[in-house]
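Top line first, the protein sequences correspond to chains H, C, U and B.
Numbered continuously in the working numbering, the first sequence closes out at residue 497.
Numbered continuously in the working numbering, the second sequence closes out at residue 303.
Numbered continuously in the working numbering, the third sequence closes out at residue 254.
Numbered continuously in the working numbering, the fourth sequence closes out at residue 760.
Everything below concerns the one structure shown next.
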Amino acid sequence: MRSALGIALVTLAMAAFAVAGCGKKSGGGGEQSSTEGGKLKIGAALSLTGSLAKEGALTKQGYQLCQEKVNKAGGVKVGDKKLKLAITYSDDKSEPDTAARLIDKFNDDGVKLVLGPYGSPSTEAAAAAIERNGQVMLDSSGADDNIFSKGYKNTFAVLSPATDYVAVIVKAIMDGAEPKPKTVAVLSADDGFSQTAAKGGVAEVKKQGLRIVAQESFPEHTTDVSSALTKIRSKKPDLVLGSVHIEEGIAIVKQSKELGVKPAGGFGETVAPPTPDFQKALGDSADGVVGSTQWTPQVKGKDAVFGSAADYAKDFESRFGAKAEYHSAEAAAACLGLVLGLEKAGAADPKKVRDAVAGLDEQSFFGPIKFNERGQNVTKPMSAIQVQNGEVVTVYPKDQRQQKLQWPAK
Amino acid sequence: MTQFLQATVYGLLEGGLLALVAIGFSLVWGVMNIVNLAHGAFVVVGAYIAWKLNETAGLDPYLGMLAAAAGLFAAGYVVQRCLINLVVNAPIWMTLLLTFGLNLLIVNGLILAFTADFRAIHTGWASDSLAFGEVRVPYGRLAGFALATAVTVGLVLFMARTRIGLAIRSTGMDRAAARLMGMNVRHVYAFTFGLAAALAGTAGAMLGTINTFSPASAAGYTLQSFVIAVLGGLGNMWGALAGGVLLGLVQSWGGQYLSGTLVNAIAFGVLVLVLIVRPSGLIGRPYYEARAEA
Amino acid sequence: MSPVLETRGLTRRFGGVAAVSDLSFSLEEGSVLGVIGPNGAGKSTLINLITGHVKPSEGSVLVDGQDVTGERPWTIARSRVARTFQVVKPFRDLSVRENVAIGGMFGPERASSARKAIAQADDALERVDLLEKADASPGDLSVADARRLELAKALSMQPRLLLLDEVMAGLRPGEIQPALDLIASLKEEGVTILVVEHVMKAIMAVSDSLLVMHEGAELARGDPETVMRDERVIEAYLGQRYAERARKDREG
Amino acid sequence: MRAWLPWAAAALGLVLLALGPTYVLYDAEQRTLGSVFMFVVLAQGWNLIGGFAGYPSFGNVVFFGLGGYTTAVLMVKTGASFFVTVPAAAAVGLGFAVLMGIPILRLRGHYFAIATLGVAEGMREGVINLPGLTGGNKGTTIPAVGEKATASYPGNTGFYFYFLILAVIAMLVVWGVARSRFGYALRAISQDEDAAAAAGINTTRAKIAAFALAGLLTSVAGAIYAYQQVTIYPDRLFSVDITVLMVVMAVLGGAGTVIGPMIGAVSLQYLSEWLRDNLTDYHTFVFGAIIVAAVLILPMGVVNFALDAWKRRRIALFQAVRAYRL
């Protein structure tokens, strides 16, 4: 009796809450509401808190810079109108399910054009919702092949696919090293992105005729990779490749030193070496490590919004007081891709925008933007960097090179 | 053979670090029957204190360790005295929720203050190592192991020889009796918690010179502490050291002969197995017999 | 006919110490056995061994000639063996009536629904004179009422064998007589009773025979008068008892 | 008040909730409300073992994850329809609860809490290390969306109803348990296990049954969740955070009551949503502070607080501090 009353009250309250809090359901969104008052509403669900808070913040800066540049120039020319960008940010707490829910929320509000969240898991969850709702998403950070193997039509990634991350390091070393390494050990974290990157790396290694003497993996986010290193030590590889994030990347170099793992050539790692944390944590030991990155300020190409890569770097530094790095560049490029698509489509209708984006073939500060049928930007090359005397310098591809690769690294 | 020896040495040293992390946790659980879910957060705070002092004032991290210990002792004392003492006799989920809430506060406070970036305290020598033939013994980890042993011995002596140590032990065994004997239980509890927090801070500063850390590392340290405290037996100081070494070795050997991604699974497997088979811990009888609830 | 309760060489060791050692006795239907002994003599452990709350290290327990050694407590309880606990163990968050109803729900005569058992609980409450507090919370009861509730919970199991662990401890002299009357009337009905008690006068009044325990073992057994004159009992037990009384006085 | 009145009101509320998607609720609101229903189920599952039986499980998420993975793996590997996988997920949740309960429910207090946590974390690692079956850390994707979809996708409205129906079932189950002999057995166990056994309660069986029921409800919720997510990852499906949320919801609503966990789930889910929207950077920090404050101020939960205020005409805040302080 008592509990029945309680249940009744709560159910009623919930129903009332739903009714009062949500207002009246109209016929659903559509183009009208997303282009009100000369403004074009765009949604972005980002990891502003949680485990990916740092990368989420960087991504947001890229989107912000894009919006400011576009609006300063008067907005996007859509058909005969000039529309100002109005990006709405929402926190997905680094949780994929929340990201997907926020995409639905955007859809309810009539926001059909979306900029991607940070990280492959959130992007993948968002992509499924985008596909269902008929929205369009420009993905700035989800590189894992999983996202693009499902036949989704409405998600486009401006960045190079995960398979390139390790492969570009191999290319850079085989291009510039003397003597060239003959044997390789491949270490990988066990998350999807790192595994895919390692797979691409292994394929490239085989193509180049190197011998793989060991392949080991360890849990994502671990700071102890000693087991893997102990196992590969006796194999004496010339090159140790790490498909990793920052903490495992630091651990590989640190613990290699502890354990006396000294590859004749040196180390190559994805993601970690370009970040300042890497050098701070390792000091001198960071020197010589080769890393891969989606973007450097030496990237060739220009576009109407940002100009060249060097221009972008300058603008970013003056706006945010920090050096431009690749997460924010990816984000700015995703936003640019959407802007270019809108201009080409001449309308904000999601279907038209989708088709226009799919047909893009443009140069930009980020490199070429051109999507294959899966929505990946495969023509864009990745870049390789090396830490030399405490500085991150670009060593590959040739047209971006600042310094020659030092190899053997030390 | 070299590989096995190297794995053994490394596992042993890693075990020392694990023990250092867990010893305060085990002490609090044993004496007060509180599972402190914020323990890992204390460890990380210790690492941040040493890191910040090193970064801004250039203070040697081993001196920073003292500062971390002192700071956390004070913080721990206050937290117990003003917060946990209020519900110390309550059903256990209440202290679990309370310390979990504290953990959220500390971890997210650290993110707000220092961002979620990865940090490490660079010493220049911690990654160098002694070489015995092919087997390497890194200085940094050796220092960690030595510290863990010293802390264990020191704590055992402290408990046996000092007034407050005796007070902690007797309160842990029988609170009512301790009170009858004129002990200020509130103070003793707060002191114990402060001591545990100081030990956590010490461990954090030590780890900061060896590993990378970020606010998100806290949960991992708490989980490791569970495993070690259970392995070693609650509140058993030698047990914490032995449990840490055991876990270090099992993980290191497991990493050599099984897939490297299985190390975490091994740790939890061992935990559950020990709880089912011998909940009083592998090493001897529990220090506080009354706490063996199973 | 086999005795209602029989123990054979019953022994329980904790660590190295024997809490109960080599106890053998039997109890005929409708008889009352008083068990006395100083604190730590193993009286409560004896009850725990009979009810299955503690497993014997050696020896066996027979109820109605059936070996129940090693059976779980609920199985033994359902064969009409009920007990009280020395430290009262009410179900705090249930009302007094619901506390008693639990026995009706899960005891030998299981009621078909919770509602029926609750309706039937009043009989046991009336017997211990606790009916007017049926809706109270156990936490609000006085010491005497808490003991009564403990007794009512045991009665709700409709026992043939009742094990009473100090049900009169902490009662005022005036409150003891009703308890004794209740035991007497249960005996009339043929219930077999084992009483552990410190209140000497009470135990002498109700017991048919007396078992004196010392350090887990039997020190003396027989009819109350004879046992109480036994030299060893006076020496080992009464000396202790005076010390005990003195301690209680100190605590007020 | 007439006895039928609350029932009529509850029925009216349900009808309104059932009509919601058609007339009032946008997609995302259906999704939000759906997740509220899901947490009602999870909190009630925890309520059975933690609230009624008094065994504070810190690993209930293991059932959630197992249910989700059962559904996902079956749908991916065998192409089974979702409705076929639901009973399978339920059976896995129930079976695992029994298997795990037999050894672990002998432990009490912190030992039980930590053992359940260990099982949940260990299971996550196990799932990560079976990439052939589960996709490992890469996650696994139910082919329900996109061009290559082989399974249908019910959409937000569909999942809204799935979760609503499951929540109603969970409420009815707990309501039934609360007034049954079984419910009394669990409450007796939570308050004194020895006395419960002495009263003839088969404590082992009752505890395992409660755990199994919790496992069943939780695993079905996990199955629906996995289908809704399309792609699932071990880190999310076995996340300690989900366990903690169910504990917090059940406890702050009122553990061991019928409506407490529901109130807890509804209010905390909306509260955290509100915090997220309004305090972008600080919301987790504030959530931590709210937990600490709630434990001190309203430790017995909203429902027990209200009952106490009604029955004894007093406002008992800081109850735990009064009762348990040193």
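We put the beta carbon where it would ideally sit given N, CA and C, even for glycine.
As the structure is a prediction and not an experimental result, all values here were calculated from the model.
Item, Value
"Taking only the alpha-carbon atoms, compute the straight-line gap between residue 378(H) and residue 547(B) and give it to the nearest angstrom.", "44 angstroms"
"Residue 11(U) lies in the beta strand (DSSP E); which residues open and close that run?", "7 to 16"
"With DSSP collapsed to three states, give me the class of residue 147(C).", "strand"
"Ends of the beta strand (DSSP E) at residue 35(U)?", "34 to 38"
"Apart from the five residues on each side of it in sequence, which residues of its chain come closer than 6 angstroms, Cβ to Cβ, to residue 139(C)?", "146"
"With three or more beta-carbon pairs closer than 8 angstroms as the criterion, would you say the region 510 to 528 of chain B touches the region 641 to 659 of chain B?", "yes"
"Less than 8 angstroms between CB atoms is the rule here; does residue 279(H) satisfy it with respect to chain A?", "In the structure shown, chain A cannot be found, because the protein chains are H, C, U and B."
"If we define contact as Cβ-Cβ less than 8 angstroms, is residue 665(B) a contact residue for chain H?", "yes"
"Taking the beta carbon of residue 712(B) as the centre, do at least 16 other beta carbons fall within 10 Å, making it buried, or is it exposed?", "exposed"
"Indicate whether residue 201(H) and residue 165(H) have their beta-carbon atoms separated by less than 8 angstroms.", "no"
"Judging by CA-CA distance, which residue of 339(H), 152(H), 482(H) and 199(H) is the nearest neighbour of residue 437(H)?", "199(H)"
"Starting from the beta carbon of residue 75(U), find every residue of chain B whose beta carbon is closer than 7 angstroms, and list them in chain order.", "631 and 632"
"So if I threshold CB-CB distances at 9 angstroms, which residues from the region 667 to 692 of chain B count as touching chain U?", "690"
"What in chain B is Cβ-close to residue 182(H), meaning under 9 angstroms?", "670, 673 and 675"
"At the level of alpha carbons, what is the spacing between residue 643(B) and residue 532(B)?", "8 angstroms"
"If we call anything under 8 angstroms between Cβ atoms a contact, is residue 26(C) one with residue 153(C)?", "yes"
"What three-state label does DSSP hand residue 576(B) in the structure shown?", "coil"
"Mind listing the chain B neighbours of residue 215(H)? Cutoff is C-beta to C-beta under 7 angstroms, in chain order.", "579, 664 and 665"
"DSSP three-state label for residue 366(H), please.", "helix"
"In three-state terms, what does DSSP make of residue 475(H)?", "strand"
"Taking residue 681(B) and residue 219(H) to be in contact with their CB atoms under 8 angstroms, please state how far apart those CB atoms are, rounded to whole angstroms.", "33 angstroms between Cβ atoms; not a contact."
"Give a yes or no on whether the minimum CB-CB distance between residue 53(U) and chain B is below 8 angstroms.", "yes"
"So, is the C-beta of residue 117(H) closer than 8 angstroms to a C-beta in chain B?", "Its pLDDT being 43, under 50, residue 117(H) is placed unreliably in this model, and the value from its coordinates should be taken loosely. Answer no: the Cβ-Cβ gap between residue 117(H) and chain B never drops below 8 angstroms."
"Between which two residues does the beta strand (DSSP E) holding residue 176(H) run?", "168 to 178"
"Using a C-beta cutoff of 8 angstroms, does residue 167(U) count as contacting chain B?", "no"
"Just to confirm my understanding: we take residue 156(U), look at its own chain, exclude 5 residues before and 5 after, and list those with CB closer than 7 angstroms. What are they?", "84, 85, 86 and 164"
"Name the one or two DSSP bridge partners that residue 216(U) has.", "219(U)"
"Give me whichever residues DSSP pairs with residue 200(C) in a beta bridge.", "In the DSSP output, where bridge partners are listed per residue, residue 200(C) has none listed."
"Compute the beta-carbon to beta-carbon distance between residue 210(U) and residue 222(U), rounded to the nearest angstrom, for a pair I have assumed lies under 8 angstroms.", "In fact, because the Cβ distance is near 15 angstroms, the residues do not count as touching under 8 angstroms."
"Any beta carbon from chain B within less than 8 angstroms of residue 237(H)'s own beta carbon?", "yes"
"Which residue marks the beginning of the beta strand (DSSP E) containing residue 487(H), and which one marks its end?", "No beta strand (DSSP E) holds residue 487(H); DSSP gives it neither H nor E."
"Name, going along the chain, the residues of the region 452 to 467 of chain B whose beta-carbon falls closer than 8 angstroms to a beta-carbon of chain H.", "454, 457, 458, 459, 460, 461, 462, 463, 465, 466 and 467"
"Interface residues of chain B around residue 307(H) at Cβ under 8 angstroms?", "571"
"Please list the partners that residue 715(B) has in chain H, where partner means a Cβ-to-Cβ separation under 8 angstroms.", "135 and 136"
"Let me check one thing: in DSSP terms, what residues is residue 304(C) bridge-paired to?", "Here chain C covers residues 10 to 303 and nothing more, so residue 304(C) does not appear."
"When DSSP labels each residue in this structure, what does residue 298(H) get in the three-state scheme?", "strand"
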